[in-house]
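Asker: One structure, pasted below without further comment.
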Amino acid sequence: MDPSRRNLLFGRRPQTPTAPRPPWASAFFADRCTHCGDCIRACPQQIIKTGEGGFPVVDFAKAECTFCGDCVRACTPLALDQSISPPWKIYAEINTSCLADRGVECRICGEVCDEQAIRFQLAVGKVAHPLVNAEQCTGCGACVSSCPSNSIRLLELIA
Ligand code: SF4
Ligand code: SF4
Ligand code: SF4
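Read in the numbering used here, the sequence shown has 4 at position 7, and its numbers run on one by one without any break.
Dropping the structure here:
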């Protein structure tokens, strides 16, 4: 199902894209985070960086989140809280700069997605076009760093 339609049906809407907080961010994240940087240093993927206001944010430009949990274990003020499930509510969205929209065959995002959340829709006389199943997407970001045309971003679902 198209994500925008699914969001409407389930009463959810995509938030304006911003750099996501680290996984398992508590509802009290902004109050508890001391800007210590321990999650940044703990991340073996090196995808956490300092964002606006000194708060840590995730940048998927070079790598994905493996959900290893090292960041949440490093967070002693419990701004990140491993009791939260799922770790976050973000999903991949593919925009119109995708190579398929320009008639170029590319399936890289689908190949790197371990969750098989990206399928390719066939159309007569056109190259197959990627579609994200937001229910299956874990928001790992593997597709983001792999896309040769920088066509994928992660959106956060808010109630
Ligand atoms: S779960 Fe692991 S890979 Fe993901 S942001 Fe935390 S430390 Fe980095
Ligand atoms: S990897 Fe990027 S360019 Fe290739 S099909 Fe996926 S979104 Fe399109
Ligand atoms: S963010 Fe991860 S799970 Fe979601 S579509 Fe991309 S690779 Fe698949």
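Where a beta carbon is used, it is the ideal one built from N, C-alpha and C, also for glycine.
Please classify residue 176: is it buried, with 16 or more other beta-carbons within 10 angstroms of its beta-carbon, or exposed?
Answerer: The displayed coordinates of the chain run from -2 to 156. Any statement about residue 176 would go beyond what the structure contains.
Asker: How far does the beta strand (DSSP E) with residue 171 in it extend, from its first residue to its last?
Answerer: This structure leaves residue 171 out entirely; the chain is present only between -2 and 156.
Asker: In whole angstroms, what separates the C-alpha of residue 142 from that of residue 57?
Answerer: Against the sequence shown, residue 142 aligns to sequence position 145. Against the sequence shown, residue 57 aligns to sequence position 60. Going from the Cα of residue 142 to the Cα of residue 57 covers about 6 angstroms.
Asker: In chain order, what residues of the same chain have a beta carbon less than 6 angstroms from the beta carbon of residue 92, not counting five sequence neighbours either side?
Answerer: For the purposes of this step, residue 92 is identified with residue 95 of the sequence shown, where counting begins at 1. The residues are 148.
Asker: Work out the CA separation of residue 130 and residue 98 for me, nearest whole Å.
Answerer: Mapped onto the sequence shown, residue 98 falls at position 101. Mapped onto the sequence shown, residue 130 falls at position 133. When rounded, the distance between both Cα atoms is 19 angstroms.
Asker: With three or more C-beta pairs closer than 8 angstroms as the rule, is the stretch 71 to 85 touching the stretch 115 to 131?
Answerer: The stretch 115 to 131 is not in contact with the stretch 71 to 85.
Asker: To the nearest angstrom, report how far apart residue 173 and residue 53 are at their CA atoms.
Answerer: A question about residue 173 goes unanswered here, because the residues of the chain that appear run from -2 up to 156.
Asker: Is there at least one non-hydrogen atom of ligand 1 closer than 8 angstroms to the beta-carbon of residue 65?
Answerer: The residue given as residue 65 occupies position 68 in the sequence shown. Yes.
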